[in-house]
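Input: a single structure, listed below in structure tokens.
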Amino acid sequence: MASQTVENYLKALYQAERVLADPAALVPMGRLASALGVVPGTATTMVKALAEAGLARYEPYVGVRLTPAGEKLAARVLRRHRVVEQFLVQVMGMRWDEVHDEAERLEHAVSDRLVERIDEMLGHPAVDPHGDPIPDPEGTMAAPPGDTLLSCALRTPVRILRVVDQSAAFLQLVDARGLKPGTVVEVDARDAEPADAVRLTIAGGGRVTIDGRAASRLQVERVG
């Protein structure tokens, strides 16, 4: 079962499970198919194969969820991906908006042994360039922050931790606005009408305005 397609399905399921409101709920087949860019029938065929291999639990017309064995394998794939992304930015000097596709290819080629050597060389980073938590070698992964620039308290210093939308266009927008992970900002105001604008002050100087959709994709933690 150790193939690139299988690893892609396991990783997609692993990530989909972590955004469900109910931590025990099944991932709908339509959502999984959409994440992988395939039709539901194709996804169902692969999910049945995963279930037969003991890597997933599938309930027809309801959804699918990884078994403990499937979750462990998925975490390994995700760990490879995020360590490779960090390596490409930190060592190879690539931009954070161009590393995803490279990491998608390399995550299936590098061995876990090589990933551990890379991780050691990088200083055991906790997150990748986008702020996504990196699973540890045992598959444990920190929970992402709950607040965003759309939900955090006004006029309170917060640190940007994670960029949820990792499309190249959005990452370039975030970069241009100076809102990369690690940046401390305060939300001055949210104007719902008519502009849907979120006005920010960046620590150290500078003010920027983004729309509500962008603000909802920047996860933060309160400073102090």
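Residue numbers (my numbering): -4 to 219.
The beta-carbon is built from N, C-alpha and C at its ideal position, and this holds for glycine as well.
As the structure is a computational prediction, the values presented were derived from the model and not from experiment.
Assigned secondary structure, residue i (DSSP; H/G/I helix, E/B strand, else coil)
{"i": "D92", "result": "coil"}
{"i": "L213", "result": "strand"}
{"i": "M(-4)", "result": "Here the model assigns M(-4) a pLDDT of 48, short of 50, so the residue's position is not dependable, and the following value carries that caveat. Here M(-4) sits in coil by DSSP."}
{"i": "L195", "result": "strand"}
{"i": "E99", "result": "helix"}
{"i": "G219", "result": "coil"}
Endpoints, the beta strand (DSSP E) within which residue i is located
{"i": "A184", "result": "179 to 186"}
{"i": "E66", "result": "No beta strand (DSSP E) holds E66; the alpha helix (DSSP H) holding it covers 63 to 85."}
{"i": "R157", "result": "153 to 158"}
{"i": "R202", "result": "202 to 206"}
{"i": "E54", "result": "51 to 54"}
Residue i, enclosing alpha helix (DSSP H) - first and last residue
{"i": "T37", "result": "35 to 47"}
{"i": "R108", "result": "107 to 117"}
{"i": "T0", "result": "-1 to 12"}
{"i": "A28", "result": "24 to 31"}
{"i": "D170", "result": "163 to 172"}
Where residue i falls, given that 16 or more other Cβ within 10 Å makes a residue buried
{"i": "M116", "result": "exposed"}
{"i": "H125", "result": "buried"}
{"i": "A20", "result": "exposed"}
{"i": "V57", "result": "exposed"}
Anticipated Cβ contact below 8 Å, residue i with residue j, distance rounded
{"i": "P128", "j": "Q214", "result": "Not a contact, Cβ separation roughly 11 Å."}
{"i": "D191", "j": "G201", "result": "Not really, about 21 Å apart at Cβ, beyond 8 Å."}
{"i": "A51", "j": "L8", "result": "7 Å"}
{"i": "R212", "j": "D142", "result": "R212 to D142, Cβ: 12 Å. No contact."}
{"i": "I155", "j": "L174", "result": "6 Å"}
{"i": "K6", "j": "A69", "result": "5 Å"}
Counting pairs of beta carbons, one from the region 34 to 46 and one from the region 102 to 110, are three or more of them closer than 8 Å?
no
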